[in-house]
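**Q** Below: one structure in structure tokens.
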Amino acid sequence: MFGQVRTSVEHHHPLAVSLLEGIFPRKFQQFVNSPYLKNTPVNLNQAAWMLFNSGIDNEYLPEDKCLLIGLLLALHQIRDRYIQPFNSSPVKMENPDELHKARTIAYQAFSIMLQNQFAGK
Numbered sequence: 063m064f065g066q067v068r069t070s071v072e073h074h075h076p077l078a079v080s081l082l083e084g085i086f087p088r089k090f091q092q093f094v095n096s097p098y099l100k101n102t103p104v105n106l107n108q109a110a111w112m113l114f115n116s117g118i119d120n121e122y123l124p125e126d127k128c129l130l131i132g133l134l135l136a137l138h139q140i141r142d143r144y145i146q147p148f149n150s151s152p153v154k155m156e157n158p159d160e161l162h163k164a165r166t167i168a169y170q171a172f173s174i175m176l177q178n179q180f181a182g183k
């Protein structure tokens, strides 16, 4: 099923594909083995994996849901790259184009969430 996510991101947002390298299955296993999960996600990573997990029983996820999962995971990867994890302070950006990439990905992810009324749920 992660192949569907990757294919959707490749088709709709090719800039984000490289950010999905090496995420699955390791990051998904970390997510499901976390003893501190709540009913609502507290970060982009949890939101993406909760959506992914909700579709595991179905062998097919809608295209927009696959794209949203991929974009949320890509945004979390960018966040991890530029925010110091222990004190949440910014790290100097090596490539200013990453900011444009993050904004574009975020805009598309928010658009999908609003279209599907994910906001506030």
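Quick note on this note's numbering: the sequence shown kicks off at 63 and runs consecutively.
Idealized CB from N, CA, C, for every residue including glycine.
#1: So what does residue 145 bridge to, in DSSP terms?
#2: Is any heavy atom of the ligand FAD found at a distance shorter than 7 Å from the C-beta of residue 121?
#3: Report the rounded CA-to-CA distance for residue 178 versus residue 109, giving the unit in angstroms.
#4: Alpha carbon to alpha carbon, what distance is there between residue 107 and residue 183?
#5: Closest by CA to residue 165, which one among 133, 151, 152?
**A** Walking through what the data contain:
#1: Residue numbering aside, residue 145 sits at position 83 when the sequence shown is read from its first letter. Paired residues: 152.
#2: The model on display carries no ligand, and the ligand FAD is accordingly not part of it.
#3: The sequence position of residue 178 within the sequence shown is 116, counting from 1. The sequence position of residue 109 within the sequence shown is 47, counting from 1. If I take the Cα positions, the gap works out to 14 Å.
#4: Reading the sequence shown from its first residue, position 121 is the one you call residue 183. Reading the sequence shown from its first residue, position 45 is the one you call residue 107. Unreliable placement is indicated for residue 183, whose pLDDT of 49 sits below 50; the coordinate value is still reported in the next sentence. C-alpha separation (whole angstroms): 17 Å.
#5: Position 103 of the sequence shown, counted from the first residue, corresponds to residue 165. That would be 133, whose Cα lies nearest to the Cα of residue 165.
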